Ligand SMILES: [Zn+2]
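In my numbering, the protein residues as written are 52 to 223.
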């Protein structure tokens, strides 16, 4: 009973944090906190870049770097298609969590995908949109949008400032 109650409170807290998160840095803090609570693993000093990539690619992490590159064009389409901050943040969470697991040493997709699902379910509950995105794939919310026919503007790559605000003291 005690651990059920604790779990319920944890899920409630993560749901509310994700729903209210402002910007990439706050979603990132939730990615790190949920991985810490599910896997007890942590990596600091990551940097986030935004770039306009092909729409079938959500994000990537280059092995041996601290960089995650998120597909800004794709996030913009999700933002235009949905006014729900909960959904947009869940979408970004799913992509960032996937790359964070690569950065933590899980190189294979076959390792990463089930972990994204497990961590999402443990953190937000099985009926939450984040867990559904983990199960069906983040593109499931863009069903009906003709991504292949869309023209993506190519802007310059940008770095997200203060992405790891909370960890600065560890990396100096
Ligand atoms: Zn991957």
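Using N, Cα and C, we set each Cβ at its ideal position, and we do this for glycine too.
This one's a predicted model, so the numbers in the text were calculated from it and none came from an experiment.
- Under DSSP, residue 119 takes part in a beta bridge, and its partners are 99, 112.
- For the pair residue 172 and residue 70, the CB atoms are not nearer than the 8 angstroms cut-off.
- By the Cβ rule, the segment 79 to 94 does not count as touching the segment 107 to 114, because fewer than three pairs are nearer than 8 angstroms.
- At the C-beta level, residue 211 and residue 101 come within 8 angstroms of one another.
- Restricted to the segment 163 to 209, the alpha helix (DSSP H) segments that are unbroken, complete and at least 4 residues in length are 180 to 187, listed in chain order.
- Residues of the same chain with a CB within less than 6 angstroms of the CB of residue 57, apart from the 5 flanking positions on each side, do not exist.
- Setting aside the 5 residues that flank it on each side, residue 93 is surrounded in the same chain by 83, 86, 87, each with a C-beta closer than 8 angstroms to its C-beta; the list follows chain order.
- Rounded to whole angstroms, the separation of the alpha carbons of residue 54 and residue 121 is 36 angstroms.
- If you draw a 10 Å sphere on the C-beta of residue 81, you find 16 or more other C-beta atoms in it, and that means buried.
- Check the Cα spacing between residue 59 and each of 103, 176, 151: the tightest is with 176.
- Relative to ligand 1, residue 167 has its C-beta separated by 7 angstroms or more from all heavy atoms.
- Within the segment 65 to 94, the runs of alpha helix (DSSP H) at least 4 residues long that lie entirely inside it are, in chain order, 74 to 90.
- In this structure, the C-beta of residue 160 approaches ligand 1 to less than 7 angstroms from one of its heavy atoms.
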